[in-house]
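Asks: Residue numbers (the numbering used here), protein chains in the order written: chain V, 1 to 288; chain X, 289 to 474.
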């Protein structure tokens, strides 16, 4: 009946009555930030014509940029404890997510689970997660280059030639190996990925990342089969994590959000190695 | 060396542009996954030997008394680990591959709802247990008995070093929540 909150003293996330993320508070800023899962319908083309190829393993090409929402209502369960607060979201039978904030962190973790993507309607689907905010980014966003320098991108623009974008979605997609971000004079939003994904900012204040795709046609660039992945019967399930950073775009007492992102990026991509041992026959003292 | 060489060769294959971008045929993708899995398994023997050399006093190594099996759980990313799901007492060793000290929240798939965690100094740590989400794609497609994830904060793991934790299911949890089946090791 009202907004549900999870978080800590550093960052707080609000979820509206429909179960969607609706606001984020961090660094004394409260801004409208929404998150949703959507999917593009894969283009079915004539592979004999170069400019009319199907969407496939090599190319992302949505059918007339058609996009569908995965759900208009999300079932949620909320768990709060001393170490972590979580919201478990179910968007539909094949998309779910856990949003969590650990007690000492200043970012939020989104663990998504997508698949098997249904294809009974004979439509290939390319699923994205989209974070939308009121940040006035003026068409500018940044993507990383294999975890190194961040590269400035501008919607429908190339730095070294006059470009005419024929495909307004695919023509603005870039490879994201670890991070995508945008900002204005006040606020900043960044998302860290746990694997290489395609991503873009198609509207001011909005960031999107492609998390899973299942396509029914080969794109005729060489692989010779559709990206359908039916080996195990009904398509694959993908699971992964995004880390959302939100806050002031300027330095906070000499520490910038960017520097924190950089450190967390390293620790998330190179986490501790975990080794498990059966110690049924030891007491804690013997084990020590 | 044979163990490490298999991983070296596999990582060589993984440099192919089709492996990097995912433009290989499906059966080739499955073969890549299999090769990576076999090489991790091979290197597990190496890491186990090294960890035993580091953690067991030299005087005890001959007797083998305190030598432990250090197992990887390659399906931990989908909340599945046979060791933590089926044992009432197990230990977790965290190796920090970074050049600085780190603290990290750890999540372990477990079958019970109450656990005690003791660190290497004998200090009991704060824990929290969170249910594994019960969505359709999560239940139907995971071969795991884990109903919960055990969360704790591992602090001050030394740079390029390790820290171990002793984890024990509480008596009450042992009585009421026995796992229904042994997790599959695949």
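Positions of the beta carbon are idealized from the N, C-alpha and C atoms, including for glycine.
These numbers were taken from a predicted model, which means no experiment stands behind them.
1) Do residue 331(X) and residue 274(V) have their C-beta atoms within less than 8 angstroms of each other?
2) State the Cα-Cα distance for the pair residue 282(V) and residue 241(V), rounded to the nearest angstrom.
3) For residue 410(X), decide whether its Cβ has a neighbour in chain V, counting only Cβ atoms nearer than 8 angstroms.
4) Listing by chain order, which chain X residues have their CB less than 7 angstroms from the CB of residue 215(V)?
5) Under a three-way DSSP split, which group does residue 427(X) fall into?
6) Can you confirm whether residue 266(V), when its beta carbon is compared against all beta carbons of chain X, has any partner nearer than 8 angstroms?
7) Quick one: is residue 471(X) buried, meaning 16 or more other Cβ sit within 10 Å of its Cβ, or exposed?
8) Give me the subset of the segment 71 to 100 of chain V whose CB atoms are less than 7 angstroms from a CB atom of chain X, sorted by chain position.
9) Going by the DSSP bridge assignment, what does residue 238(V) pair with across the sheet?
10) Please identify, using Cβ separations under 7 angstroms, the residues of the segment 34 to 66 of chain V that lie next to chain X, in order along the chain.
11) Who pairs with residue 68(V) in a beta bridge, going by DSSP?
12) Find the nearest neighbour of residue 141(V) within the set 10(V), 165(V) and 175(V), judged by alpha-carbon distance.
13) I'd like the list of long-range same chain contacts for residue 392(X), defined as Cβ closer than 8 angstroms, with 5 residues on each side in sequence excluded.
14) What does a CB cutoff of less than 7 angstroms around residue 459(X) pick up in its chain, not counting 5 residues either side in sequence?
15) With 16 as the cutoff for other CB atoms within 10 Å, does residue 64(V) come out buried or exposed?
16) Can you confirm whether residue 445(X), when its beta carbon is compared against all beta carbons of chain V, has any partner nearer than 8 angstroms?
17) In the DSSP output, what is residue 197(V) paired with across the bridge?
18) Could you confirm whether any beta carbon from chain V is found closer than 8 angstroms to the beta carbon of residue 382(X)?
19) Please report the distance separating the alpha-carbon of residue 122(V) from that of residue 321(X).
20) Which residues in chain X have a C-beta closer than 8 angstroms to the C-beta of residue 146(V)? List them in chain order.
21) Counting pairs of beta carbons, one from the segment 102 to 114 of chain V and one from the segment 150 to 166 of chain V, are three or more of them closer than 8 angstroms?
22) In whole angstroms, give me the CA-to-CA distance for residue 97(V) and residue 75(V).
23) Are three or more beta carbon pairs between the segment 368 to 378 of chain X and the segment 448 to 458 of chain X nearer than 8 angstroms?
24) Using a 10 Å radius around the Cβ and a threshold of 16 neighbouring Cβ atoms, would you call residue 385(X) buried or exposed?
25) For the segment 265 to 286 of chain V, which residues have a CB atom closer than 9 angstroms to at least one CB atom of chain X, in sequence order?
26) Quick one: is residue 298(X) buried, meaning 16 or more other Cβ sit within 10 Å of its Cβ, or exposed?
27) What does residue 6(V) reach in chain X if we use C-beta pairs closer than 9 angstroms?
28) Less than 8 angstroms between the beta carbons of residue 277(V) and residue 378(X), yes or no?
29) In this structure, how does DSSP classify residue 306(X) when only helix, strand and coil are distinguished?
30) Please report whether the beta-carbon of residue 429(X) lies at a distance below 8 angstroms from any beta-carbon of chain V.
31) Contact check, residue 235(V) vs residue 116(V) under 8 angstroms by CB: the rounded distance?
32) Alpha carbons only, please: which of 211(V), 60(V), 169(V) and 3(V) is nearest the one belonging to residue 219(V)?
33) How big is the Cα-Cα spacing for residue 185(V) and residue 255(V)?
34) With DSSP run on the structure shown, which of helix, strand or coil describes residue 459(X)?
35) Would you check if the segment 38 to 57 of chain V and the segment 202 to 222 of chain V touch, i.e. whether three or more CB-CB distances between them fall below 8 angstroms?
36) Taking DSSP as the reference, what is the three-state secondary structure of residue 320(X)?
Replies: According to the data block:
1) Position 43 of the second chain holds residue 331(X). Position 274 of the first chain holds residue 274(V). For residue 331(X) and residue 274(V), no; Cβs fall outside 8 angstroms.
2) Along the first chain, one-based indexing puts residue 282(V) at 282. Along the first chain, one-based indexing puts residue 241(V) at 241. Residue 282(V) and residue 241(V) have their C-alpha atoms spaced approximately 36 angstroms apart.
3) Position 122 of the second chain holds residue 410(X). Residue 410(X) belongs to the set of residues whose beta carbon lies under 8 angstroms from a beta carbon in chain V.
4) By 1-based counting over the first chain, the position of residue 215(V) is 215. The premise fails here: residue 215(V) is roughly 12 angstroms from chain X at the closest Cβ pair, so nothing lies under 7 angstroms.
5) Position 139 of the second chain, counting from 1, holds the residue named residue 427(X). In the three-state reduction of the DSSP assignment, residue 427(X) falls in the helix class, which pools H, G and I.
6) For the purposes of this step, residue 266(V) is taken as residue 266 along the first chain, with counting starting at 1. Using a Cβ-Cβ cut-off of 8 angstroms, residue 266(V) counts as an interface residue toward chain X, since at least one Cβ of chain X sits closer than that to its own.
7) Taking the first residue of the second chain as 1, we reach residue 471(X) at position 183. Low local confidence applies: a pLDDT of 43 at residue 471(X) is under 50, so the model's placement there is unreliable, with the coordinate-based value given in what follows. Buried is the call here.
8) Residues passing the 7 angstroms Cβ filter: 79, 81, 82, 83, 84, 86, 88, 90, 93, 94, 96 and 98.
9) Stepping through the first chain from its first residue, residue 238(V) is reached at position 238. Per DSSP, the beta bridge partners of residue 238(V) are 114(V).
10) If you check each beta-carbon in the segment 34 to 66 of chain V against every beta-carbon of chain X, the ones closer than 7 angstroms belong to 57 and 58.
11) The sequence position of residue 68(V) within the first chain is 68, counting from 1. Per DSSP, 39(V).
12) Working through the first chain from its first residue, we reach residue 141(V) at position 141. Among 10(V), 165(V) and 175(V), the Cα nearest to that of residue 141(V) belongs to 175(V).
13) Within the second chain, residue 392(X) is the residue found at index 104, counting from 1. Only 382, 441, 442 and 445 meet the Cβ criterion.
14) In the second chain, the residue the question calls residue 459(X) occupies position 171. Nothing meets the Cβ criterion.
15) Translated into positions along the first chain, residue 64(V) becomes position 64. Classification of residue 64(V): exposed, given that the 10 Å Cβ count is below 16.
16) Sequence index remark: in the second chain, residue 445(X) carries index 157 (1-based). Yes, residue 445(X) counts as interfacial toward chain V.
17) Here residue 197(V) corresponds to residue number 197 of the first chain, with the count starting at 1. Paired residue(s): 176(V).
18) Numbered from its first residue, the second chain carries residue 382(X) at position 94. Taking Cβ atoms only, chain V reaches closer than 8 angstroms to residue 382(X), which makes this a yes.
19) Translated into positions along the first chain, residue 122(V) becomes position 122. Translated into positions along the second chain, residue 321(X) becomes position 33. Cα to Cα, the separation comes out at about 28 angstroms.
20) Counting from one through the first chain, the residue named residue 146(V) turns up at place 146. By Cβ distance, chain X contributes nothing, its closest Cβ being about 11 angstroms from residue 146(V), past 8 angstroms.
21) No, the segment 102 to 114 of chain V is not in contact with the segment 150 to 166 of chain V.
22) Counting from one through the first chain, the residue named residue 97(V) turns up at place 97. Counting from one through the first chain, the residue named residue 75(V) turns up at place 75. Roughly 10 angstroms separates the two Cα atoms.
23) The count of Cβ pairs closer than 8 angstroms, one atom from the segment 368 to 378 of chain X and one from the segment 448 to 458 of chain X, reaches three, so the stretches are in contact.
24) Counted from its first residue, the second chain places residue 385(X) at position 97. The residue in question, residue 385(X), is exposed, as its Cβ has fewer than 16 Cβ neighbours within 10 Å.
25) Flagged, chain order: 266, 267, 270, 271, 272, 273, 274, 275, 276, 277, 278, 279, 280, 281, 282, 283, 284, 285 and 286.
26) Along the second chain, read from residue 1 onward, the residue named residue 298(X) stands at position 10. Residue 298(X) counts as buried, since at least 16 other C-beta atoms from the protein chains shown sit within 10 angstroms of its C-beta.
27) Against the first chain, residue 6(V) aligns to sequence position 6. Simply none; closest approach about 12 angstroms.
28) Stepping through the first chain from its first residue, residue 277(V) is reached at position 277. Stepping through the second chain from its first residue, residue 378(X) is reached at position 90. Yes, these two residues count as a Cβ contact at 8 angstroms.
29) Start at 1 with the first residue of the second chain, and residue 306(X) comes out as number 18. Of the three classes helix, strand and coil, the one that applies to residue 306(X) here is helix, per DSSP.
30) The residue labelled residue 429(X) in the question sits at position 141 within the second chain. Yes, residue 429(X) lies at the interface with chain V (some Cβ there is under 8 angstroms from its Cβ).
31) Translated into positions along the first chain, residue 235(V) becomes position 235. Translated into positions along the first chain, residue 116(V) becomes position 116. About 4 angstroms; that satisfies the 8 angstroms criterion.
32) For the purposes of this step, residue 219(V) is taken as the residue at position 219 of the first chain. Minimum Cα distance to residue 219(V) is reached at 60(V).
33) As a position in the first chain, residue 185(V) is number 185, starting the count at 1. As a position in the first chain, residue 255(V) is number 255, starting the count at 1. Residue 185(V) and residue 255(V) have their C-alpha atoms roughly 16 angstroms apart.
34) Locating residue 459(X) in the second chain gives position 171, counting from the first residue. Residue 459(X): helix per DSSP, three-state reduction.
35) Contact between the segment 202 to 222 of chain V and the segment 38 to 57 of chain V is present, because at least three Cβ pairs lie under 8 angstroms.
36) On the second chain, position 32 is the one that residue 320(X) refers to. Three-state result, residue 320(X): helix.
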